[in-house]
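Asks:
Number of protein chains: 2
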Amino acid sequence: MTFTDEEADLIRKEDIIQNYSKNYILPQQGAIAQHCFLVLKGCVKRYYLDNGVERIVDFYTENDPITPVSYVDKKPSQYFLSCVEPCIISKGTEESTQRFLERFPKFVPIFVQIGDRLAAKQQLQLDDFKNLAPEERYQKLLEERPNLVNRVPQYMIASYLGIQPESLSRIRKRLWKS
Amino acid sequence: MTFTDEEADLIRKEDIIQNYSKNYILPQQGAIAQHCFLVLKGCVKRYYLDNGVERIVDFYTENDPITPVSYVDKKPSQYFLSCVEPCIISKGTEESTQRFLERFPKFVPIFVQIGDRLAAKQQLQLDDFKNLAPEERYQKLLEERPNLVNRVPQYMIASYLGIQPESLSRIRKRLWKS
DNA sequence: CTGCTTTCTTAACCGAAGTCAATGCACAGG
DNA sequence: CCTGTGCATTGACTTCGGTTAAGAAAGCAG
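Chains X and L are the protein sequences, given in the same order.
According to our numbering, the first sequence is numbered sequentially starting from 176.
According to our numbering, the second sequence is numbered sequentially starting from 176.
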């Protein structure tokens with residue numbers, strides 16, 4: 176889901192836009208009523224901590240909306256958002272979302288089924304993950320988000336792919352040879 | 176999300192209950208307005224075909240609701256539902272859902288955020304899949320759904336875990352030894 | 001420019017999963 | 001009862017990722 180210039184403009188006007196320095200961790204209050212973010216410039220990672228190890232879940236770059244994750248109660252894990260680069264980020268409030276939807280009603284159904292679509296997207300991701308080898312996952316990432324590899328450190332890409340940095344290095348070498 | 180006896184009873188009355196033989200494939204019409212199912216007895220698998228290979232996505236047993244997957248357009252893949260055992264399944268229509276929610280309004284918010292919760296659940300599944308070895312995934316399955324392993328052929332469990340049947344056999348052997 | 005930190009690469013070793021092929025086993029149909 | 005089919009196991013072999021440790025390269029500050 177991407178925005179036209181006009182739509183992005185309205186968001187820029189309505190929402191609270193802020194600059195964040197590299198490595199800044201976006202504050203996310205309690206379980207409910209979290210903010211939505213829209214990355215205008217820069218790159219954000221979503222991750223959680225697994226016995227002190229950072230496990231990267233996703234990256235967000237220009238025009239990517241960051242939707243809150245509804246917590247499934249039991250698990251103690253928590254997701255964090257951190258700026259991989261200096262960022263300009265638009266923080267959406269409940270009211271600004273409201274006004275945005277009044278201005279662009281065509282987004283209403285989309286907002287309603289955001290959860291469904293997210294679920295479907297994640298189903299596909301999970302399917303891929305089950306059936307693709309690490310090397311294939313990396314190639315797929317290269318195809319789908321070629322820019323990403325050039326702007327985030329490889330050890331983060333490795334974490335995102337669920338492998339060790341050393342393995343990613345070898346994979347790159349292998350692919351380069353062929 | 177589970178149902179009390181009373182709730183399940185109403186569903187039983189309202190919905191269309193049918194028997195299906197083993198290996199029967201539940202018909203799922205086009206992209207929109209699919210049925211919801213509730214497994215009363217038996218076991219259903221959700222899978223898709225990957226170059227003729229069956230890739231199992233999930234299993235559903237007694238009292239598990241089967242929610243439709245909203246299709247993310249591009250991918251040609253399609254999910255099928257097939258009975259692993261003879262099944263008794265309650266098929267929900269739009270109207271019966273309506274009546275059910277009138278009778279038990281407490282489920283309304285849940286139905287609204289079904290997508291969100293599904294997304295959150297799948298996020299956790301994906302997290303696990305990225306960071307657990309096949310052997311650990313099998314152990315986790317044993318803990319979370321111990322019954323499943325006893326009623327589903329192992330090659331299907333293997334498919335669900337994203338590994339080969341031979342590997343699962345060796346994993347079992349390894350675990351048995353310790 | 002120098003020295004530090006961060007990031008990436010390389011090598012050696014190990015263990016586990018994939019693959020292919022053969023065997024064992026249970027169960028259903030004739 | 002015998003036979004065929006489907007499923008599970010086992011073995012030999014290969015490949016690839018994890019681990020550990022060391023060193024190279026790149027970025028940054030003094």
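Note that CB positions come from ideal geometry on N, CA and C, so glycine has one too.
1) Work out the CA separation of residue 318 (chain X) and residue 332 (chain X) for me, nearest whole Å.
2) Against chain L, does residue 295 (chain X) count as a neighbour if the rule is that its beta carbon must be under 8 Å from one of theirs?
3) What in chain L is Cβ-close to residue 244 (chain X), meaning under 9 Å?
4) Just to confirm the assignment, what range does the alpha helix (DSSP H) spanning residue 346 (chain X) have?
5) Helix, strand or coil for residue 257 (chain L), going by three-state DSSP, please let me know.
6) Within the 8 Å Cβ cut-off, does residue 207 (chain X) reach chain L?
7) Give the interface partners of residue 306 (chain X) over in chain L, defined as CB-CB distance under 8 Å, in chain order.
8) Taking CB distances under 8 Å as the criterion, tell me whether residue 256 (chain L) reaches chain X.
9) For residue 194 (chain X), which residues of its own chain have a beta-carbon under 6 Å away from its beta-carbon, when the five flanking residues on both sides are left out?
10) Output needed for residue 266 (chain L): all residues of its chain with C-beta closer than 7 Å, excluding positions within five of it in sequence on either side, in chain order.
11) Buried or exposed: where does residue 352 (chain L) fall if 16 or more other Cβ atoms within 10 Å of its Cβ makes it buried?
12) Which one of X:293, X:271, X:237 and X:280 has the shortest CA to CA distance from residue 216 (chain X)?
13) Assuming residue 218 (chain L) and residue 324 (chain L) make a contact with CB atoms under 8 Å, what is their CB distance in whole Å?
14) Go to residue 322 (chain L), then tell me how far its alpha helix (DSSP H) extends in each direction, as first and last residue.
15) Rounded to the nearest angstrom, how far is the Cβ of residue 254 (chain X) from that of residue 222 (chain X), given a contact under 8 Å?
16) Determine, using beta carbons only, whether residue 320 (chain X) and residue 302 (chain L) come nearer to each other than 8 Å.
17) Just the Cα atoms here: how many angstroms apart are residue 312 (chain L) and residue 335 (chain X)?
18) Buried or exposed for residue 208 (chain X), going by 16 or more other Cβ atoms inside 10 Å?
19) Quick check: is the beta carbon of residue 302 (chain L) nearer than 8 Å to any beta carbon in chain X?
20) Within 10 angstroms of its Cβ, does residue 242 (chain L) collect 16 or more other Cβ (buried), or is it exposed?
21) Could you pull the DSSP bridge partners for residue 231 (chain X) from this structure?
22) Using a 10 Å radius around the Cβ and a threshold of 16 neighbouring Cβ atoms, would you call residue 244 (chain L) buried or exposed?
23) Taking just the CA atoms, how far does residue 309 (chain L) sit from residue 304 (chain X)?
24) What number of angstroms, rounded off, separates the C-alpha of residue 289 (chain L) from the C-alpha of residue 240 (chain L)?
25) Name, in chain order, the residues that DSSP records as bridge partners for residue 329 (chain X).
26) By a C-beta neighbour count over all protein chains shown, 10 Å radius and 16 as the cutoff for buried, is residue 343 (chain X) buried or exposed?
27) Quick one, are the C-beta atoms of residue 261 (chain L) and residue 188 (chain L) less than 8 Å apart?
Replies: The structure says:
1) Here the question's residue 332 (chain X) lines up with position 157 in the first sequence. Here the question's residue 318 (chain X) lines up with position 143 in the first sequence. Looking at the two C-alpha atoms, the distance is approximately 14 Å.
2) By one-based count along the first sequence, residue 295 (chain X) stands at place 120. Closer than 8 Å: yes.
3) By one-based count along the first sequence, residue 244 (chain X) stands at place 69. In chain order: 291, 294, 295 and 298.
4) Residue 346 (chain X) sits at position 171 when you count from the first residue of the first sequence. Its alpha helix (DSSP H) spans residues 340 to 352.
5) As a first step, residue 257 (chain L) is located in the second sequence; it is residue number 82 there, counting from the start. DSSP places residue 257 (chain L) in strand when its eight states are reduced to three.
6) The residue given as residue 207 (chain X) occupies position 32 in the first sequence. Low local confidence applies: a pLDDT of 48 at residue 207 (chain X) is under 50, so the model's placement there is unreliable, and no value is given.
7) Within the first sequence, residue 306 (chain X) is the residue found at index 131, counting from 1. The contacting residues are 225, 230 and 337.
8) Here residue 256 (chain L) is taken as the residue at index 81 of the second sequence, counted from 1. It does not: the Cβ of residue 256 (chain L) has no partner Cβ on chain X nearer than 8 Å.
9) Position 19 of the first sequence, counted from the first residue, corresponds to residue 194 (chain X). 263.
10) If you number the second sequence from 1, residue 266 (chain L) lands on position 91. If we look at residue 266 (chain L) and ignore the five residues flanking it on each side, its Cβ neighbours are 190, 191, 193, 210 and 212.
11) The residue labelled residue 352 (chain L) in the question sits at position 177 within the second sequence. Result: exposed.
12) As a first step, residue 216 (chain X) must be located in the first sequence, where it is residue number 41. Of the listed residues, the one whose Cα sits closest to residue 216 (chain X) is X:237.
13) Numbered from 1 along the second sequence, position 43 holds the residue referred to as residue 218 (chain L). Numbered from 1 along the second sequence, position 149 holds the residue referred to as residue 324 (chain L). Contact flag wrong, Cβ pair sits at about 12 Å.
14) If you number the second sequence from 1, residue 322 (chain L) lands on position 147. Looking at the DSSP string, residue 322 (chain L) is not in any alpha helix (DSSP H), and its letter there is neither H nor E.
15) The residue given as residue 254 (chain X) occupies position 79 in the first sequence. The residue given as residue 222 (chain X) occupies position 47 in the first sequence. Contact holds; Cβ gap of about 7 Å.
16) One-based indexing of the first sequence puts residue 320 (chain X) at position 145. One-based indexing of the second sequence puts residue 302 (chain L) at position 127. It is not a contact, given that the beta carbons lie outside the stated cut-off.
17) Counting from 1 along the second sequence, the entry for residue 312 (chain L) is found at position 137. Counting from 1 along the first sequence, the entry for residue 335 (chain X) is found at position 160. Cα to Cα, residue 312 (chain L) sits roughly 19 Å from residue 335 (chain X).
18) In the first sequence, the residue the question calls residue 208 (chain X) occupies position 33. Because the pLDDT at residue 208 (chain X) is just 47, under 50, the model does not fix this residue reliably, and the value given afterwards should be weighed accordingly. Looking at its Cβ environment, which holds fewer than 16 other Cβ atoms inside 10 Å, residue 208 (chain X) is exposed.
19) In the second sequence, residue 302 (chain L) corresponds to position 127, counting from 1. Yes, because at least one Cβ of chain X sits closer than 8 Å to the Cβ of residue 302 (chain L).
20) Here residue 242 (chain L) is taken as the residue at index 67 of the second sequence, counted from 1. Buried.
21) Taking the first sequence and counting its residues from 1, the one referred to as residue 231 (chain X) is at position 56. Answer is X:222.
22) The residue you call residue 244 (chain L) lines up with position 69 of the second sequence. Under this definition residue 244 (chain L) is a buried residue.
23) As a working note, residue 304 (chain X) is residue 129 in the first sequence. As a working note, residue 309 (chain L) is residue 134 in the second sequence. Roughly 12 Å between the two C-alpha positions.
24) Stepping through the second sequence from its first residue, residue 289 (chain L) is reached at position 114. Stepping through the second sequence from its first residue, residue 240 (chain L) is reached at position 65. Between residue 289 (chain L) and residue 240 (chain L), the C-alpha separation is close to 11 Å.
25) Position 154 of the first sequence, counting from 1, holds the residue named residue 329 (chain X). Bridge partners of residue 329 (chain X): none, in fact.
26) One-based indexing of the first sequence puts residue 343 (chain X) at position 168. Counting Cβ neighbours within 10 Å, residue 343 (chain X) comes out buried, since at least 16 surround it.
27) One-based indexing of the second sequence puts residue 261 (chain L) at position 86. One-based indexing of the second sequence puts residue 188 (chain L) at position 13. Contact: no.
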